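When you line the sequence shown up against our numbering, it's residues 6 to 142, in that order.
Positions of the beta carbon are idealized from the N, C-alpha and C atoms, including for glycine.
Small disclaimer: the values here were computed from a predicted structure and weren't measured.
Comments concern the structure below.
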Amino acid sequence: MALDSSILIYHLEDVEPYAELTEAVFAAIAEGSPLAVLSTLSVTELLVQPFMEGRRDRLAVLERFILSLPNTRLIPPDYRIAREAARLRAAYGVRTPDALLTATALSEKADAFVTNDARLRRLKGEGIGVVVLDDYA
6 MALDSSILIY
16 HLEDVEPYAE
26 LTEAVFAAIA
36 EGSPLAVLST
46 LSVTELLVQP
56 FMEGRRDRLA
66 VLERFILSLP
76 NTRLIPPDYR
86 IAREAARLRA
96 AYGVRTPDAL
106 LTATALSEKA
116 DAFVTNDARL
126 RRLKGEGIGV
136 VVLDDYA
């Protein structure tokens, strides 16, 4: 399973009505079924706000959370992922960050991409399930 940045944000900020859903996602990952994939691009997206606000305390909490996620692989974009992201962007018109996140999921053979962006349902044709939290909230 691959995670969109929004899933981390919802979980860490306890955003309703998604808190229960993200809690279930992270509990399942902690148990090892499924294993999770997270693009380092999500790290960038998650840490922007604490940097903007000068919140070193919040930055430390978020980094500790990211680096201690069990059964989760952090994957940096490489040439192969960047190329796949370009293909996805051209084929589906998705934004570059979304293309990079989903290309990472595809490169790591994730069976699902958990997001709350309904526009990414277009990517189901790529052989990956797109799980949209709003469908379950």
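Annotation: the stretch 60-116 contains the following complete segments of the alpha helix (DSSP H) (minimum length 4 residues), in chain order: 61-72, 84-97 and 101-112. In the three-state DSSP reduction, LEU40 falls in the coil class, being neither helix nor strand. DSSP places VAL119 in the strand class (E or B) of the three-state scheme. For MET57, the number of other beta carbons within 10 angstroms of its own is below 16, and it is reported as exposed. Residue pairing of GLY134 in beta bridges, as defined by DSSP: ALA117. Within the same chain, ILE80, LEU106 and THR109 come within 6 Å of SER44 by CB-CB distance, once the 5 residues on both sides are set aside. Looking only at VAL20, ILE12 and ASP19, the smallest Cα-Cα distance to VAL30 is reached by ILE12.
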